[in-house]
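Engineer: As given, the protein sequences belong to chains A and B, one line each in that order. Residues in the first sequence are numbered from 3 upward in steps of one, following my numbering. Residues in the second sequence are numbered from 19 upward in steps of one, following my numbering. C-beta: ideal position from N, C-alpha, C; glycine also. Let me give you the structure first, and then I'll get to my questions.
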Amino acid sequence: MDGINLTIASRLELVHLLGLAVRGICQGLPLTADETDALELAVCEAANNSIKHAYKGRADGKVRVTMAVDGTGLVICVQDRGAPLDDAKQLTRDLAVAQTLEDLPEGGMGLFLIRNAADSVGYKAGDPDNVLVIRKAFRKGS
Amino acid sequence: MDFQNKVEQGVTVVNINGQRLDASAAQLFKSHMVDLIQQGGTLFVLNLEAVDFMDSSGLASLMSSMKTLGGRGEMAVCCLGEKVRKLFAITRLDRGVFRIFDTEAEAVSALSTAPRAG
């Protein structure tokens, strides 16, 4: 499986660089514009989560994104060495439709957007890296 | 990222001058809106025409601003690009939480004629 590694320091102002790189790579793969938009957003969300929650805002960590392609699709791994995700079940929760100010979700939208972009999402905590795996299949005929 | 404010028909229009309303910009935007609300603003149109990319932190900063405003006024968004509009749809925030208008003029007109809260 061929792949590429991208690494940034754990600073929010650098996350857009990951997004731009992911976008550029996806544009060269058999993915639609919508799929590319969603994957760029998903990687940015995952990196934001690593910085804000795993590293708790510390700037001395690293966020690494690995993108690998095989015959059937794209696998993106987002890795950090901070605190693991408290509850990996958050990855599978749906987002409620908010009708009022009080219903507006305080969090969890990032994970929802990651899941929305992917065919499947996996998570492995620690030892030593936390790894979020985003899989996206190439559509038949593309 | 910076912001330009103007008042039209009693409505404060905030132009967001930056392509990305993301996690690195969200706090700045939130602070800007809190300042405007504390200065007495109650009707706001957020013009997102320049924003090409928004993430969940950007959305959360909009929601936080709405919560800060509470029932004292109203906030609408306008001029959403395709990607941002899609984000509102995916997160289902276009179903009644945010009033979304195609143009700034439509948004200002709607808010300026809306019954005042309180």
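#1: Is any beta-carbon of chain B found at less than 8 angstroms from that of leucine 17/A?
#2: Residues bridged to isoleucine 10/A by DSSP?
#3: Is the shortest distance between the beta-carbon of threonine 131/B and the beta-carbons of chain A less than 8 angstroms?
#4: Please state if the CB of proline 32/A and the CB of arginine 137/A are separated by a distance shorter than 8 angstroms.
#5: Could you give the distance in angstroms between the alpha-carbon of glycine 136/B and the alpha-carbon of glycine 89/B?
#6: From the DSSP output, in three-state form, read off glutamate 47/A for me.
#7: Valine 52/B to alanine 68/B, Cα distance in whole Å?
#8: Name the chain B residues whose beta carbon is nearer than 8 angstroms to that of glutamate 47/A?
#9: Shorter than 8 angstroms from the beta carbon of lysine 54/A to some beta carbon of chain B?
#10: Please report the residue range of the beta strand (DSSP E) in which glutamate 92/B lies.
#11: Checking the sheet assignment: what are the DSSP bridge partners for lysine 126/A?
#12: Using the beta-carbon of each residue, which ones in chain B are nearer than 7 angstroms to leucine 87/A?
#13: Looking at the unbroken beta strand (DSSP E) that takes in isoleucine 34/B, where does it start and where does it end?
#14: State the CB to CB distance for the pair phenylalanine 119/B and aspartate 112/B, rounded to an integer number of angstroms; the pair is presumed to be in contact (CB under 8 angstroms).
#15: Quick one: any contact between the stretch 11 to 24 of chain A and the stretch 40 to 54 of chain A, if contact means 3 or more CB pairs under 8 angstroms?
#16: Starting from glutamate 26/B, trace the beta strand (DSSP E) both ways and give me its first and last residue.
#17: Determine which residues of the stretch 110 to 135 of chain A have a Cβ less than 8 angstroms from any Cβ of chain B, and write them out in chain order.
#18: The beta strand (DSSP E) spanning arginine 117/B covers which residue range?
Structural biologist: In this structure, then:
#1: Position 15 of the first sequence, counted from the first residue, corresponds to residue 17/A. In the sequence as displayed, the identity of residue 17/A is valine instead of leucine. It does; some Cβ of chain B falls within 8 angstroms.
#2: One-based indexing of the first sequence puts residue 10/A at position 8. Val65/A.
#3: Counting from one through the second sequence, the residue named residue 131/B turns up at place 113. Not one chain A Cβ lies under 8 angstroms of threonine 131/B.
#4: Looking up residue 137/A in the first sequence gives position 135. Looking up residue 32/A in the first sequence gives position 30. Contact flag unset, no.
#5: Residue numbering aside, residue 136/B sits at position 118 when the second sequence is read from its first letter. Residue numbering aside, residue 89/B sits at position 71 when the second sequence is read from its first letter. Caution is warranted here: a pLDDT of 46 is assigned to glycine 136/B, below 50, making its placement in the model unreliable, and the coordinate value is therefore given only provisionally. Rounded to the nearest angstrom, the two C-alpha atoms are 7 angstroms apart.
#6: Taking the first sequence and counting its residues from 1, one reaches residue 47/A at position 45. Helix, per DSSP.
#7: Translated into the one-based positions of the second sequence, residue 52/B becomes position 34. Translated into the one-based positions of the second sequence, residue 68/B becomes position 50. So the two alpha carbons sit approximately 21 angstroms from each other.
#8: The residue you call residue 47/A lines up with position 45 of the first sequence. By Cβ distance, chain B contributes Asp73 and Ser74.
#9: Taking the first residue of the first sequence as position 1, residue 54/A is located at position 52. Yes, because at least one Cβ of chain B sits closer than 8 angstroms to the Cβ of lysine 54/A.
#10: Stepping through the second sequence from its first residue, residue 92/B is reached at position 74. Element bounds for glutamate 92/B: 92 to 96.
#11: Within the first sequence, the letter at position 124 stands for residue 126/A. Looking at the DSSP assignment, lysine 126/A forms a beta bridge with Val133/A.
#12: As a position in the first sequence, residue 87/A is number 85, starting the count at 1. None at all; the shortest Cβ gap to chain B is about 15 angstroms.
#13: In the second sequence, residue 34/B corresponds to position 16, counting from 1. Per DSSP, isoleucine 34/B belongs to the beta strand (DSSP E) from 29 to 35.
#14: To locate residue 119/B, count along the second sequence from 1; it is residue 101. To locate residue 112/B, count along the second sequence from 1; it is residue 94. The pair is not a contact, with the Cβ atoms about 12 angstroms apart (cut-off 8 angstroms).
#15: yes
#16: Working through the second sequence from its first residue, we reach residue 26/B at position 8. Where glutamate 26/B is concerned, the enclosing beta strand (DSSP E) stretches over 20 to 26.
#17: Met111, Gly112, Phe114, Leu115 and Asn118
#18: Start at 1 with the first residue of the second sequence, and residue 117/B comes out as number 99. Arginine 117/B -> beta strand (DSSP E) spans 117 to 119.
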